[in-house]
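Step one of this worksheet: look at the structure below.
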Amino acid sequence: MSTHLDLALEIIAAAREKAEEINVPMVIAVVDAGGNLVAQQRMDGALLVSIDISLN
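Written out as structure tokens, the structure is:
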């Protein structure tokens, strides 16, 4: 059975693949229906300010 975390990690993997394809390092955040963080990942080279931006 999948968990919210498993799904969030799949979403991050897909987003990361696209970011690598377009050569743009990103911070990727996945939140639940209430806006609470489930998972977040910062790619090498992504701007630190992107951490806050990804959550807002």
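Add 207 to the 1-based position in the sequence shown for our numbering, that's all there is to it.
Just so it is clear, CB atoms sit at the ideal spot from N, CA and C, and this is done for glycine as well.
Asked, Found
"Residue 237 and residue 246 closer than 8 Å at C-beta", "yes"
"N- and C-terminal bounds of the alpha helix (DSSP H) containing residue 222", "211 to 228"
"Check whether residue 226 and residue 250 have beta carbons under 8 Å apart", "yes"
"Run of the alpha helix (DSSP H) containing residue 256, from where it starts to where it stops", "256 to 262"
"Check: residue 217 C-beta below 7 Å from any heavy atom of the ligand PLP", "You won't find the ligand PLP in this model; it holds no ligand whatsoever."
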